[in-house]
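Numbering (the UniProt record's numbering), first residue to last: 1 to 191. Each remark here refers to the structure printed beneath this line.
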């Protein structure tokens, strides 16, 4: 009887662990956009190399491009990093707690600053939050529509500000397109 309860408990724990593990890999490297939980008309984007949540309208080509990222394998060797689709090789990173877009370097601090673990949304399990690798319990959050790295204070406001909905990309960037005989690849231009 006790063995039965133990095995059921083990199955539940294993399912939760597997779900968390798979969440790190389920977004592949396809482009995505990230909608604010508590401001659903606003998306994570870079503007003048800084991170914001802004409303993005259909005819705002630059805004749609700036609000589309690939969640690639984490530069620090685990979790994920946000690579800009319109500036390949540039990643969202925190520096002095402010989120900014910066060109990748081989510096270990850069790699850690640009790596976030995808976790269940702090405000809702239907969404996601992004926890810093080098500052545990610190999450990407918005404050006055600017993106910051913040430590959770447990408040409902913080939970909402640090929760995002992973959405289809606001712009379409094919990964690459062939030129010549297909042996050379160049980055594709946005539509």
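Beta carbons are placed, not taken as given, at the ideal position from N, Cα and C, and that holds for glycine. Given the structure is predicted, the values throughout are model-derived calculations rather than measurements.
- Listed in chain order, the alpha helix (DSSP H) runs fully inside the segment 37-124 are 61-66 and 108-113, counting runs of at least 4 residues.
- 139 is the residue among 139, 85 and 99 whose C-alpha sits nearest the C-alpha of residue 122.
- In this structure, residue 133 and residue 110 do not form a Cβ contact; the two beta carbons are roughly 12 Å apart against a cut-off of 8 Å.
- Boundaries of the alpha helix (DSSP H) around residue 158: 156-161.
- In the structure shown, residue 130 adopts extended strand secondary structure according to DSSP, grouped into three states.
- Cβ contact annotation for residue 167 (same chain, cutoff 6 Å, sequence separation greater than five): 33 and 35, in chain order.
- In terms of Cβ geometry, residue 85 and residue 105 do not form a close pair [threshold 8 Å].
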